[in-house]
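Have a look at the structure below before the remarks.
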Amino acid sequence: MATITSDLASNLMVSAVALTALTIMSLAALRGWRDWIQLKREELAAGHVTVAHDAAVPHAGSRIEIADLKERLRKLEAIAAGVDL
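Under our numbering, think of the first position of the sequence shown as 1, with each following residue one higher.
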């Protein structure tokens, strides 16, 4: 009987410590998330967002549009040549 009680007590203690650690980590993550959101709000309110962008590299949207146009051109050339796609 004493063994069951000590096992139960140790299991409860381990569970309590694990739950406390999880709570502390969750609260720290929540605090970091809120601070990050506040930083982004302040950047938007200031009217500028610092994004590392090289002027020589086009935006992803531009590259997608160019790739789409190239694909359309290939299809039109294939149609003009009489090739079935």
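Ideal Cβ placement from N, Cα and C applies to all residues, glycine included.
- Secondary structure note for residue 61: its alpha helix (DSSP H) is the uninterrupted segment 60 to 81.
- In the structure shown, residue 47 adopts coil according to DSSP, grouped into three states.
- Between the alpha carbons of residue 83 and residue 60 lies a gap of roughly 31 Å.
- Taken atom to atom, the span from the alpha-carbon of residue 77 to that of residue 70 is near 10 Å.
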